[in-house]
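So in the numbering used here, spot 57 of the sequence shown is number 57, and the numbers just go up one at a time.
Structure first, then comments.
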Amino acid sequence: MHYVEEGIDLTRNLARGFFSPELEADGLGVALEGLAENISERFGINCIFHGQESIPVRDSVIATQLYRIAQEAAMNAAKHAAAQQIDIRVFMDRSELTLAIEDDGVGFPDKLSDSKGLGLRLMRNGAALIGATLSVQRNGRKGTVATCKLKVPNHSESNFVI
1 MHYVEEGIDL TRNLARGFFS PELEADGLGV ALEGLAENIS ERFGINCIFH
51 GQESIPVRDS VIATQLYRIA QEAAMNAAKH AAAQQIDIRV FMDRSELTLA
101 IEDDGVGFPD KLSDSKGLGL RLMRNGAALI GATLSVQRNG RKGTVATCKL
151 KVPNHSESNF VI
């Protein structure tokens, strides 16, 4: 019975990698909070979401790409950087939404900034798809910070509820 439960858990985690039911049902903030909880449980580390549960993104393509960027950055920190703390932050000012994923892991090697690795390419392509900018940099002496910035259009054309 133990192996069946493990198989079910593994299948759920794999499915979450492709699709977040929370994103569809409850929005980006709830989905990112669920992502943080899942990473904490799965890897036994501290992963915390900082932001509003109600992040005002109503375009599902934008929300999905932001979620996938956060997911990829956080999973990389947990799997490859030996991070013990990951912070997923979302904040918005009048003209820009910022998603930042920061960790205390071993850091992002400078020469990998032009990496052809799949994860970084997926993050860059996702950001480009929604017209956002993405930077992935060493965070001081230790850790990495991935920052995705998206301009918020004016109210009449907006995919954001402000």
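Using N, Cα and C, we set each Cβ at its ideal position, and we do this for glycine too.
Being a predicted model, the structure only gives us computed values, none of them experimental.
For residue j and residue i, believed in contact at Cβ under 8 Å, the rounded distance
{"i": "Q71", "j": "L35", "result": "6 Å"}
{"i": "G51", "j": "F108", "result": "G51 to F108, Cβ: 23 Å. No contact."}
{"i": "L28", "j": "I69", "result": "Not quite, the Cβ-Cβ distance comes to about 11 Å (not below 8 Å), so this is no contact."}
{"i": "A83", "j": "I45", "result": "6 Å"}
Candidates the options: closest to residue i by CA position
{"i": "I130", "options": "R138, G143, V136, K149", "result": "K149"}
{"i": "R94", "options": "A127, K151, V106", "result": "K151"}
{"i": "A74", "options": "V106, E102, V30", "result": "E102"}
{"i": "A77", "options": "E33, T64, F43", "result": "F43"}
{"i": "P56", "options": "A81, H80, V30, R141", "result": "V30"}
{"i": "K79", "options": "C47, L97, S54", "result": "C47"}
{"i": "E41", "options": "T64, Q85, Q65", "result": "Q85"}
{"i": "T98", "options": "A128, R141, A146, S60", "result": "A146"}
{"i": "R121", "options": "Q65, R141, N38, I39", "result": "Q65"}
Paired residues, beta bridge with residue i - DSSP
{"i": "M75", "result": "M75 pairs with nothing; no bridge assigned."}
{"i": "H50", "result": "R89"}
{"i": "L99", "result": "V90, C148"}
{"i": "S135", "result": "T147"}
Chain-order list of residues whose beta-carbon lies under 6 Å from that of residue i (same chain, five-residue window excluded)
{"i": "E33", "result": "F49"}
{"i": "E53", "result": "G29, V30"}
Sequence-distant residues of its chain with Cβ nearer than 7 Å to residue i (five each side left out)
{"i": "N125", "result": "none"}
{"i": "A132", "result": "C148, K149, L150"}
{"i": "G105", "result": "A77, A81, A82, A83, G143, T144"}
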